[in-house]
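Keeping their order, the protein sequence lines are chains L and C.
The first sequence begins at 0 in numbering that gives the first Met the number 0 and counts up by one.
The second sequence begins at 0 in numbering that gives the first Met the number 0 and counts up by one.
For glycine and all other residues, C-beta sits at the position ideal for the given N, C-alpha and C.
In this text the structure is predicted, and so the values were computed from the model without any measurement.
Number of protein chains: 2
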Amino acid sequence: MYPSISIIGAGNVGHHLTLKLHQQGYNIHQVFSRKLPKAQALAKQVNTEACNHVEEINREADIYIVAIKDDGIASMAEQLSFLNQDHKIVAHTSGATPMTVFDGHFENFGIFYPLQTFSIQKEVNFEQLPFCIDGSNTQTKATLTQLAQSICPNVYDISDQQRNVLHVTAVMVNNFTNHLFAVAQQICKEQQVPFEILHPLIQETTEKIKHTSPKAAQTGPAIRGDQQTIERHLNFLNAYPNYQKIYKMLSQSIQDLHKNL
Amino acid sequence: MYPSISIIGAGNVGHHLTLKLHQQGYNIHQVFSRKLPKAQALAKQVNTEACNHVEEINREADIYIVAIKDDGIASMAEQLSFLNQDHKIVAHTSGATPMTVFDGHFENFGIFYPLQTFSIQKEVNFEQLPFCIDGSNTQTKATLTQLAQSICPNVYDISDQQRNVLHVTAVMVNNFTNHLFAVAQQICKEQQVPFEILHPLIQETTEKIKHTSPKAAQTGPAIRGDQQTIERHLNFLNAYPNYQKIYKMLSQSIQDLHKNL
Chain L
0 MYPSISIIGA GNVGHHLTLK LHQQGYNIHQ VFSRKLPKAQ ALAKQVNTEA CNHVEEINRE
60 ADIYIVAIKD DGIASMAEQL SFLNQDHKIV AHTSGATPMT VFDGHFENFG IFYPLQTFSI
120 QKEVNFEQLP FCIDGSNTQT KATLTQLAQS ICPNVYDISD QQRNVLHVTA VMVNNFTNHL
180 FAVAQQICKE QQVPFEILHP LIQETTEKIK HTSPKAAQTG PAIRGDQQTI ERHLNFLNAY
240 PNYQKIYKML SQSIQDLHKN L
Chain C
0 MYPSISIIGA GNVGHHLTLK LHQQGYNIHQ VFSRKLPKAQ ALAKQVNTEA CNHVEEINRE
60 ADIYIVAIKD DGIASMAEQL SFLNQDHKIV AHTSGATPMT VFDGHFENFG IFYPLQTFSI
120 QKEVNFEQLP FCIDGSNTQT KATLTQLAQS ICPNVYDISD QQRNVLHVTA VMVNNFTNHL
180 FAVAQQICKE QQVPFEILHP LIQETTEKIK HTSPKAAQTG PAIRGDQQTI ERHLNFLNAY
240 PNYQKIYKML SQSIQDLHKN L
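Written out as structure tokens, the structure reads:
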């Protein structure tokens with residue numbers, strides 16, 4: 000028997016998880032969001048009930064997936080602690096929040112964290128993303144692992160400590176990388192060069208690391224020690240003092256990392 | 000009549016350009032590299048003559064493409080100045096070197112710069128990459144543009160100043176981005192978390208900007224102002240003081256860029 004699932008939170012992650020679990024044949028028991036229209040829009044897509052008050056969340060599901068903002072998880076756990084009367088499983092989807100946030104509220108709790116950047120509009124390829132699972136006990140971990148495996152082939156057993164490492168490094172490879180794209184776009188726009196010219200290079204940068212380690216794939220003036228080019232770039236970046244600092248720091252860091260080769 | 004072309008330099012760019020031009024039906028007249036075996040290996044693939052002394056480069060080609068290291072271009076220009084007797088076209092493939100490096104040596108000179116990261120082993124998709132062209136006069140620019148268009152659909156007329164902008168921003172979106180991948184890999188390795196878990200996120204990061212501007216695509220604790228998560232990350236990065244500095248600086252930069260929204 001498939002467990003029935005209630006989804007707490009109708010943001011990017013809650014949205015895509017709900018659709019995927021429904022599509023996979025799970026019964027979505029309730030969809031909760033503080034914003035009723037959001038809960039209703041999502042609930043309608045999976046033929047279930049929407050609610051926007053925590054008191055409306057009932058005890059009839061088997062698994063409760065909390066997919067809300069990080070800073071709301073602790074207080075949500077407190078409000079959901081009545082679920083422990085029936086030994087329900089409560090799991091959250093946050094990369095940033097320790098599993099221990101549930102300590103003292105539940106007996107069976109865990110992590111159900113799909114490591115990917117989600118947008119409401121864009122379909123998610125569950126074949127591609129990694130699922131990080133943890134659980135307060137063997138049975139809970141097994142149940143959450145099975146649930147993840149039924150919608151995704153790449154399921155990992157990841158401790159709080161490992162998840163923290165993944166979250167810090169995810170910020171680096173996603174948020175910071177994207178910011179560098181934004182900086183490049185701003186400069187191109189202000190200098191009247193079409194940013195699109197850089198698109199193929201950006202695609203190739205990530206294409207490369209499918210086959211080569213990023214350390215081995217490193218190119219550019221910093222690793223070549225091409226001081227003349229670095230100076231010309233820094234000179235240009237006089238107009239952008241903050242980006243000049245970033246340029247210096249990252250060039251130095253490239254040289255430091257490869258000094259130890 | 001297709002012009003005949005001599006290639007000066009058998010590195011990554013020279014290698015791929017030679018093969019592509021040959022495949023497109025151009026006669027490759029000579030291949031030069033200081034390292035004779037390298038010149039020979041490439042020349043053999045396109046049924047032509049290899050040489051490793053500048054004096055062996057003859058006057059029989061129509062266009063000379065200089066694809067050598069940036070800091071060798073000025074001296075190569077001097078040594079090739081005899082080509083100007085026949086008004087030959089000489090172009091270099093560097094993103095970092097101004098066209099003016101050829102001033103005083105030739106009358107017909109220009110830029111033939113494919114903006115992409117090349118590896119000898121990996122085939123280059125000329126359908127995807129942008130070609131940046133410039134020329135010392137209308138006729139030269141037209142000839143180089145035609146040559147580029149015959150092997151690539153995306154040809155841009157780019158001035159020295161614009162090429163400098165593209166080169167700085169290319170360093171940001173390629174070299175720096177790749178370095179962040181390398182940093183993440185190092186941390187994952189040392190913390191015994193498989194770096195491969197981050198691969199799908201990395202791919203999605205660049206996939207996203209095909210449809211969304213990077214500024215609009217920004218996510219993460221910095222843009223959310225999630226100070227608690229930032230603090231936990233910085234705390235973890237105490238073990239990596241240099242990466243902690245990068246984390247702080249880029250988080251600040253994200254917040255600065257979006258403050259002005």
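For Ala66 of chain C and Phe111 of chain C, I'd like the C-alpha separation in whole angstroms.
On the second sequence, position 67 is the one that residue 66 of chain C refers to. On the second sequence, position 112 is the one that residue 111 of chain C refers to. Whole-angstrom Cα-Cα distance: 9 Å.
Under 8 Å (Cβ pairs) to chain L, residues found in the segment 236-248 of chain C
Leu236, Asn241, Tyr242, Lys244, Ile245, Tyr246 and Met248
Where does the unbroken beta strand (DSSP E) through Pro129 of chain L begin, and where does it stop?
Reading the first sequence from its first residue, position 130 is the one you call residue 129 of chain L. Looking at the DSSP string, the run of the beta strand (DSSP E) that includes Pro129 of chain L is Pro129 to Gly134.
Report the partner residues of Gly109 of chain L according to the DSSP bridge assignment.
Position 110 of the first sequence holds residue 109 of chain L. L:Ala90 and L:Gly134, per the DSSP bridge assignment.
Using only CA atoms, which one of L:Leu114, L:Thr218, L:Gln39 and L:Thr17 lies nearest to Leu64 of chain L?
For the purposes of this step, residue 64 of chain L is taken as the residue at position 65 of the first sequence. It should be noted that the sequence gives Ile, not Leu, for residue 64 of chain L. Looking at the Cα atoms, L:Thr17 is the closest of the given residues.
Among C:Met75, C:Asn83, C:His86 and C:Leu79, which residue has its Cα nearest to the Cα of Thr96 of chain C?
The count along the second sequence starts at 1 and reaches residue 96 of chain C at position 97. Checked all of C:Met75, C:Asn83, C:His86 and C:Leu79; the closest Cα to Thr96 of chain C is C:Met75.
Interface residues of chain C around Met171 of chain L at Cβ under 7 Å?
Translated into the one-based positions of the first sequence, residue 171 of chain L becomes position 172. Simply Leu179, Val182 and Ala183.
Interface residues of the segment 126-138 of chain C facing chain L [CB-CB below 8 Å]
Gln127, Leu128, Pro129 and Cys131
Which residues in chain L have a C-beta closer than 7 Å to the C-beta of Ala216 of chain C? List them in chain order.
Numbered from its first residue, the second sequence carries residue 216 of chain C at position 217. Here the neighbours are Asn177.
Which residues of chain C have a Cβ atom closer than 8 Å to the Cβ of Arg231 of chain L, listed in chain order?
Here residue 231 of chain L corresponds to residue number 232 of the first sequence, with the count starting at 1. Result: Ala95 and Asn163.
Give a yes or no on contact between the segment 26-40 of chain C and the segment 150-159 of chain C, applying the rule of three or more CB pairs nearer than 8 Å.
no
Environment of Arg58 of chain L [buried if 16+ CB atoms lie within 10 Å]
Locating residue 58 of chain L in the first sequence gives position 59, counting from the first residue. By the 10 Å Cβ count, Arg58 of chain L comes out exposed.
Are any of the Cβ atoms in chain C nearer than 8 Å to that of Pro2 of chain L?
Within the first sequence, residue 2 of chain L is the residue found at index 3, counting from 1. No, its Cβ sits nowhere closer than 8 Å to a Cβ of chain C.
Straight-line gap, Gln148 of chain L to Val164 of chain L (C-alpha atoms, nearest Å):
For this step, residue 148 of chain L is matched to residue 149 along the first sequence. For this step, residue 164 of chain L is matched to residue 165 along the first sequence. Answer to the nearest angstrom: the Cα atoms are 23 Å apart.
Phe31 of chain C by DSSP, collapsed to three states: which one?
Within the second sequence, numbered from 1, the residue matching residue 31 of chain C stands at position 32. Reduced to three states, the DSSP call for Phe31 of chain C is strand.
Any C-beta of chain C within less than 7 Å: which residues of the segment 145-164 of chain L qualify?
Tyr155, Gln161, Asn163 and Val164
Does the pairing of the segment 216-229 of chain C with the segment 170-189 of chain L give three or more beta-carbon distances under 8 Å?
yes
Residues bridged to Ala49 of chain L [DSSP beta-bridge criterion]
As a working note, residue 49 of chain L is residue 50 in the first sequence. In DSSP, Ala49 of chain L forms a bridge with L:Val30.
If you measure beta-carbon to beta-carbon, which residues of the segment 55-89 of chain L are closer than 9 Å to chain C?
Lys68, Asp69 and Asp70
What is the DSSP secondary structure of Asp156 of chain L, counted as helix, strand or coil?
Here residue 156 of chain L refers to the residue found at position 157 of the first sequence. Reduced to three states, the DSSP call for Asp156 of chain L is strand.
Could you spell out where the alpha helix (DSSP H) holding Val12 of chain L opens and where it closes?
The residue given as residue 12 of chain L occupies position 13 in the first sequence. Residues Asn11 to Gln22.
Alpha-carbon spacing of Glu263 of chain C relative to Gln254 of chain C, whole angstroms:
This structure gives no information on residue 263 of chain C, because the portion of chain C shown stretches from 0 to 260.
Pairwise C-alpha distance: Thr92 of chain L and Val12 of chain L
Position 13 of the first sequence, counted from the start, is the residue given in the question as residue 12 of chain L. Position 93 of the first sequence, counted from the start, is the residue given in the question as residue 92 of chain L. Val12 of chain L and Thr92 of chain L: Cα-Cα distance of roughly 8 Å.
Hey, Ala60 of chain L and Ser135 of chain L: beta-carbon distance below 8 Å or not?
Start at 1 with the first residue of the first sequence, and residue 60 of chain L comes out as number 61. Start at 1 with the first residue of the first sequence, and residue 135 of chain L comes out as number 136. No; because the gap between Cβ atoms is not below 8 Å, this pair is not in contact.
Using a Cβ cut-off of 7 Å, which residues of the segment 95-112 of chain C contact any Cβ in chain L, in chain order?
Ala95
Given a cut-off of 8 Å, decide if Val89 of chain C and Phe108 of chain C are closer than it, judged by their beta-carbon atoms.
Against the second sequence, residue 108 of chain C aligns to sequence position 109. Against the second sequence, residue 89 of chain C aligns to sequence position 90. Cβ atoms of Phe108 of chain C and Val89 of chain C: closer than 8 Å.
Going residue by residue through the segment 56-90 of chain C, where are the continuous alpha helix (DSSP H) segments of at least 4 residues, counting only ones entirely within it?
72-78
Interface flag, Thr17 of chain L vs chain C, CB-CB below 8 Å
For the purposes of this step, residue 17 of chain L is taken as the residue at position 18 of the first sequence. No, Thr17 of chain L does not count as interfacial toward chain C.
Going by DSSP, what residues sit across from Ser5 of chain L in a beta bridge?
Looking up residue 5 of chain L in the first sequence gives position 6. Answer is L:Tyr63, bridged to Ser5 of chain L.
In the DSSP assignment, the alpha helix (DSSP H) including Leu179 of chain L goes from what residue to what residue?
For the purposes of this step, residue 179 of chain L is taken as residue 180 along the first sequence, with counting starting at 1. Thr176 to Glu189 is the span of the alpha helix (DSSP H), which, as asked, contains Leu179 of chain L.
Let me confirm a value: Gln161 of chain C is counted as buried when at least 16 other C-beta atoms fall within 10 Å, else exposed. Which label applies?
Translated into positions along the second sequence, residue 161 of chain C becomes position 162. Per the 10 Å Cβ criterion, buried.
8 Å Cβ cutoff, Ala221 of chain C in contact with chain L
Position 222 of the second sequence, counted from the first residue, corresponds to residue 221 of chain C. Yes - at least one Cβ of chain L is within 8 Å of the one on Ala221 of chain C.
Using a threshold of 8 Å, state whether the C-beta atoms of Asn51 of chain C and Ser32 of chain C are closer than that.
Within the second sequence, numbered from 1, the residue matching residue 51 of chain C stands at position 52. Within the second sequence, numbered from 1, the residue matching residue 32 of chain C stands at position 33. Closer than 8 Å, so yes.
Is any heavy atom in the ligand ZN found nearer than 7 Å to the beta carbon of Glu48 of chain C?
Because no ligand of any kind appears in the structure shown, any question about the ligand ZN cannot be addressed here.
In the structure shown, what three-state DSSP assignment does Asp225 of chain L receive?
Position 226 of the first sequence holds residue 225 of chain L. Correct three-state label for Asp225 of chain L: coil.
Given Gly10 of chain L as reference, the closest of L:Leu236, L:Ile56, L:Ile222 and L:Asp69 once Cα atoms are compared
On the first sequence, residue 10 of chain L is found 11 positions in, with the first residue counted as 1. Measuring from the Cα of Gly10 of chain L, the nearest candidate turns out to be L:Asp69.
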